[in-house]
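First up is the structure itself, then whatever we jot down about it.
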Amino acid sequence: MAPVALAPSPITPTVDFDRDGVQHGFLRLPYSRDDSAWGSVMIPLTVVRNGSGPTALLTGANHGDEYEGAVALFDLAQTLTADRVAGRVIIVPAMNYPAFQAGTRSSPIDKGNLNRSFPGRPDGTVTQKIADYFTRDLLPLADLVMDIHSGGRTLDFVPFAAAHILPDKDQEARCFAAVAAFAAPFSMRMLEIDAVGMYDTAAEELGKTFVTTELGGGGTGRAETIAIAKRGVRNVLRHAGILTDGQAAEGQAEASRWLDMPSGDCFRFAEDSGLIEACVDLGQPVRAGDLLARIHPIGRTGLAPAEYRAALDGILAARHFPGLVKAGDCIAVVGTVES
Ligand SMILES: [Zn+2]
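For my numbering, count along the sequence shown from 1 and bump the result up by 26.
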């Protein structure tokens, strides 16, 4: 039986992806609602093209409360000129724009977590429609895909660029070469808790060179992590031969430290709710059995805290950010250090 053809995306770009030069515009997604009967979600984007050559697709704020990518990409969109490009750069600083406007991880319109909504649906929710447009219209244009995440309101990370172990070893090598080019303080072989529905997976299944990051968190951007994002984007574009500004790679004086997430033992999940006492800070070394955090019950005094210990030797690569935790929250991630 032939597969059922999907309807075209309802999203209309206001730019021509095949035109040379710099174009600032929008992905316009019709969204009829109480305050705007024939209204739209207007997702800002910039396309910079100069002749034929590879295409980079750069995205931030896939989760709306992650800011390093949004800052780096709004800045790049405003400053990149066509004479420094060979090929094409498509820049979407705030991919889940309704979530970004609300400062929340998921969309206030439909509660959609964009990075769990792929491949999406052209006839689905607003978030599913955004995912579908990236899957069927934008990803096929791209050779190199970079999606810049950080921890959002509830997690904080040591700054790293990352790629995944992939079945296609040539593709995997391309991805890790781009991670190395990013030159974040850390580079990660990343294990996902739940890869179903991720943009990463959609891009990787199409054979793209895919780089992601986690660059801090806590629902804000810091000067240090924003600088890492800005230079990392430029470094990867130079590595791909798309940014031809004649500049050398930046920030590679100190070599990036490679981390691995060899198994689910990297993650520690709370089995208790309460007040978290951090016992290790981000980037500090830990040994298997070391105390990572304690969770104090807050209903009454006089109760012993629950203890959470590392299962592996490594460094603390991520931690829960808010001071109160709930059972089920990810409270710590230990990354193992590669020699
Ligand atoms: Zn994210």
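All residues carry an ideal CB built from backbone N, CA and C; glycine is no exception.
In this text the structure is predicted, and so the values were computed from the model without any measurement.
Count Cβ pairs between the region 141 to 160 and the region 102 to 110 that sit closer than 8 Å; are there 3 or more? Flag = no, the region 141 to 160 and the region 102 to 110 do not touch.
Taking the continuous alpha helix (DSSP H) assigned at C201, which residues delimit it? Stepping through the sequence shown from its first residue, residue 201 is reached at position 175. Residues 195 to 208.
Please state the DSSP three-state secondary structure of T362. Translated into positions along the sequence shown, residue 362 becomes position 336. T362: strand per DSSP, three-state reduction.
Could you tell me the boundaries of the alpha helix (DSSP H) in which Y57 lies? Looking up residue 57 in the sequence shown gives position 31. The continuous stretches of alpha helix (DSSP H) do not include Y57, and DSSP gives it neither H nor E.
To which residues of the same chain is P39 closer than 6 Å at the C-beta, ignoring the five residues directly before and after it? For the purposes of this step, residue 39 is taken as the residue at position 13 of the sequence shown. Excluding positions up to five away in sequence, the list reads L53.
Return the CA-CA distance between A229 and I156, expressed in angstroms with no decimal places. For the purposes of this step, residue 229 is taken as the residue at position 203 of the sequence shown. For the purposes of this step, residue 156 is taken as the residue at position 130 of the sequence shown. Approximately 14 Å between the Cα atoms of the pair.
Would you say G178 touches ligand 1, meaning its beta carbon is less than 8 Å from a heavy atom? Translated into the one-based positions of the sequence shown, residue 178 becomes position 152. Taking 8 Å as the cut-off, one finds at least one heavy atom of ligand 1 near enough to the beta carbon of G178.
Does L350 come out as helix, strand or coil in the three-state DSSP assignment? Counted from its first residue, the sequence shown places residue 350 at position 324. Here L350 carries a strand assignment [DSSP, helix/strand/coil].
According to DSSP, which residues form a beta bridge with P70? As a first step, residue 70 is located in the sequence shown; it is residue number 44 there, counting from the start. F52, per the DSSP bridge assignment.
Does the distance from the CB of I357 to the CB of I302 come in under 9 Å? Here residue 357 refers to the residue found at position 331 when the sequence shown is read from its first residue. Here residue 302 refers to the residue found at position 276 when the sequence shown is read from its first residue. Yes, the Cβ-Cβ distance between I357 and I302 is below 9 Å.
DSSP state of G113 mapped onto helix, strand, coil: Position 87 of the sequence shown, counted from the start, is the residue given in the question as residue 113. Correct three-state label for G113: strand.
Check each candidate in G95, T130, G113, Y159 and name the one with the smallest Cα separation from F144. The residue you call residue 144 lines up with position 118 of the sequence shown. Considering only alpha carbons, the answer is Y159.
Candidates V351, A353, F347: closest to A180 by CA position: Looking up residue 180 in the sequence shown gives position 154. First, the residue type needs correcting, since residue 180 is Thr and not Ala in the sequence shown. Answer by Cα proximity: F347.
Selection from H50, A33, V360, L32 that minimises the alpha carbon distance to R215: What you label residue 215 is simply residue 189 of the sequence shown in a count that begins at 1. Out of H50, A33, V360, L32, V360 has the C-alpha closest to the C-alpha of R215.
Please state whether the Cβ-Cβ distance between T235 and Q197 is less than 9 Å. On the sequence shown, position 209 is the one that residue 235 refers to. On the sequence shown, position 171 is the one that residue 197 refers to. A contact, by the Cβ cut-off of 9 Å.
Once the 5 residues before and after Y334 are set aside, which same chain residues still bring their CB inside 8 Å of it? Position 308 of the sequence shown, counted from the start, is the residue given in the question as residue 334. Residues of the same chain with a CB within less than 8 Å of the CB of Y334, apart from the 5 flanking positions on each side, are R294, A296, L317, L318, A319, R320, I321, I357, A358 in chain order.
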